[in-house]
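A.B. asks:
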Amino acid sequence: MLKYKVGDKVKILQGKDKGREGKIEKVYPKEGQALIPGINIYKKHVKGVTGQKGGIYDVPRPLAFSKIAVVCPKCKKPTRVGFRILKKEKVRVCKKCSKEMDAK
Ligand SMILES: [Zn+2]
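To convert, count from 1 in the sequence shown and add 6; that's my numbering.
1. Among the residues of its own chain, which have a CB less than 8 Å from the CB of Phe-89, if the five just before and after it don't count?
2. Please classify Lys-29: does DSSP put it in a helix, a strand, or coil?
3. Please identify the residue among Leu-69, Lys-32, Gly-57 whose C-alpha is closest to the C-alpha of Tyr-48.
4. So who's on the other strand from Ile-47, going by DSSP bridges?
5. Counting Cβ pairs closer than 8 Å, one from the region 59 to 67 and one from the region 8 to 26, do we hit at least three?
6. Look at the Cβ atom of Phe-71, then the Cβ atom of Gln-39, and state whether they are nearer than 8 Å.
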């Protein structure tokens, strides 16, 4: 089970968008990265190919898990994620308020 999930509200801890908040759109478990729309935007230069216009595009790059923190939906603080076994199910808990983060 991953500490980060699509739809998680996160706070950026490092990098050029430090302090900003966003929502995870995609998780890359192997790379340990998450894509957050509007965060970590880089300009990408695209050469014009046949039938396609070249130009400069804004492309969000995924951020390493270590550079983001999940904002706990219960205490609203950026926190580290812990795990707890609840009714044989592994659930994510907030390390600050120790409440379950995935309310059902
Ligand atoms: Zn909390």
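Positions of the beta carbon are idealized from the N, C-alpha and C atoms, including for glycine.
This structure is a prediction, so every number in the text was calculated from the model and none was measured.
C.D. replies: Concretely, from the data shown:
1. Met-7, Lys-96, Val-97, Arg-98, Val-99
2. strand
3. Leu-69
4. Pro-66
5. no
6. yes
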